[in-house]
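For the sequence shown, the positions run 1 to 232 when the UniProt record's numbering is used. C-beta: ideal position from N, C-alpha, C; glycine also. Keep in mind that this is a model prediction, so the values were computed, not measured.
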Amino acid sequence: MTRILVVDDDPHLLRALTIALNARGYRTSPAPDAATALQAAATAAPDLAVIDLGLPDLDGIAVIESLRGWSSAPIIVLSARHDETAKINALDAGADDYVTKPFGMGELLARIRAALRRAAPAEEQPLVTTAAFTVDLAAKRVRTPAGEVRLTPTEWHLLETLVRSPGRLVTQRQLLHEVWGPRYEKETNYLRVHLANLRRKLEPVPSRPRYLITEPGVGYRFTPDDLPDAPA
């Protein structure tokens, strides 16, 4: 089910948007302010975000920039700011569309559908190949030039989650939530141990990882061969 992050400090509008989206089969994460929005996005990555610019704690531009640091999900700005500068700033920050208030619900829903169509991924490649190893997502197997690599179920789940988002930052909270569940979102030591094991099995030089990259204090990133090296 498509998850939509809805951020607006007007409680009546937030409720109306949530009801309208839920009625059309979307799963919503409503947030009345920037802090709640960023927390919700870190817990469950949205497939699309609708963001008001006039939030009580941070400007919506800051929320857009924060999401763009790790997510390529479409972002639609919903704002009472009609001036051209506001629109340019939002689009330059990473927004995909801009809807001014007041607006028609039908138009907004059509823009959401269009944004989701544009963002629909191409057919997934079952094989992810690097110079050091190959991941067969369909068969759930990993091979290196030396032969097949045996991974534990946890190691596989971690690797699969990273490989399915090439080049994108996956936060610690997202990984912990995905692999261990919501009760383990602060157990970052789990990630350090299992990522170290994966590197020993897959990286040509485990102490200088090329493919399974740590973004200190934030999360991890899979960098395939067609992306530049990132600091470990």
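Candidates the options: which alpha carbon is nearest residue i's?
i           : options                          : result
His112      : Arg3, Asp92 and Ala31            : The sequence given here places Ile at residue 112; His does not occur at that position. With distances taken between Cα atoms, Ile112 lies closest to Arg3.
His12       : Ala31, Val77 and Met1            : Ala31
residue 256 : Pro102, His82 and Arg118         : With the chain running from 1 to 232 in the structure shown, residue 256 is simply not present.
Thr188      : Arg164, Leu162 and Gly217        : Gly217
Glu203      : Thr100, Leu38 and Val142         : Val142
Gly69       : Leu169, Pro126, Gln39 and Thr28  : Leu169
Ala80       : Asp10, Asn22, Leu162 and Arg27   : Asp10
Ser109      : Tyr26, Val135, Ala138 and Lys201 : In the sequence as displayed, the identity of residue 109 is Leu instead of Ser. Answer by Cα proximity: Tyr26.
Thr100      : Arg164, Met1, Arg173 and Gly54   : Gly54
Phe222      : Leu162, Pro182 and Glu178        : Leu162
Straight-line CA distance for residue i to residue j?
i      : j      : result
Ser207 : Ala115 : 41 Å
Leu17  : Pro145 : 52 Å
Leu58  : Phe133 : 43 Å
Met105 : Val77  : 14 Å
Tyr220 : Thr171 : 6 Å
Trp180 : Asp83  : 46 Å
Ile213 : Pro56  : 35 Å
Pro166 : Phe103 : 36 Å
Tyr98  : Ala42  : 23 Å
Pro153 : Lys87  : 46 Å
Arg200 : Tyr211 : 12 Å
Val135 : Leu127 : 6 Å
Arg150 : Lys140 : 10 Å
Ala37  : Gly147 : 45 Å
Asn22  : Glu215 : 35 Å
Arg24  : Ala73  : 19 Å
Pro182 : Leu14  : 25 Å
Arg173 : Glu107 : 34 Å
Met1   : Glu178 : 16 Å
Ala138 : Val205 : 27 Å
Asn89  : Ile61  : 8 Å
Please report the Cβ distance between residue i and residue j, rounded to the nearest whole angstrom; I am assuming they are in contact, meaning their Cβ atoms lie under 8 Å.
i           : j      : result
Pro224      : Thr130 : 6 Å
Ala34       : Ser71  : With 8 Å as the limit, Ala34 and Ser71 do not qualify as a contact, their Cβ atoms being about 15 Å apart.
residue 236 : Glu185 : Outside the displayed range of the chain (1 to 232) lies residue 236, so it cannot be described from this structure.
Ser29       : Ala40  : 4 Å
Quick test of the definition: if touching needs 3 or more C-beta pairs under 8 Å, does the stretch 181-196 touch the stretch 150-170? yes
The stretch 50-57 contacting the stretch 4-24, beta-carbon criterion three pairs below 8 Å: yes
Scan the stretch 25-60 and note each continuous beta strand (DSSP E) run of 3 residues or more that stays entirely inside, going in chain order. 27-31 and 48-51
Would you be able to state if there are at least three C-beta pairs under 8 Å between the stretch 81-93 and the stretch 56-72? yes
What runs of the beta strand (DSSP E), each 3 residues or longer, lie entirely inside the stretch 71-139? 75-79, 97-100, 127-129 and 134-136
Which runs of the alpha helix (DSSP H) fall wholly inside the UniProt DNA-binding region "OmpR/PhoB-type" (125-224) and span at least 4 residues, in chain order? 153-163, 172-179 and 188-202
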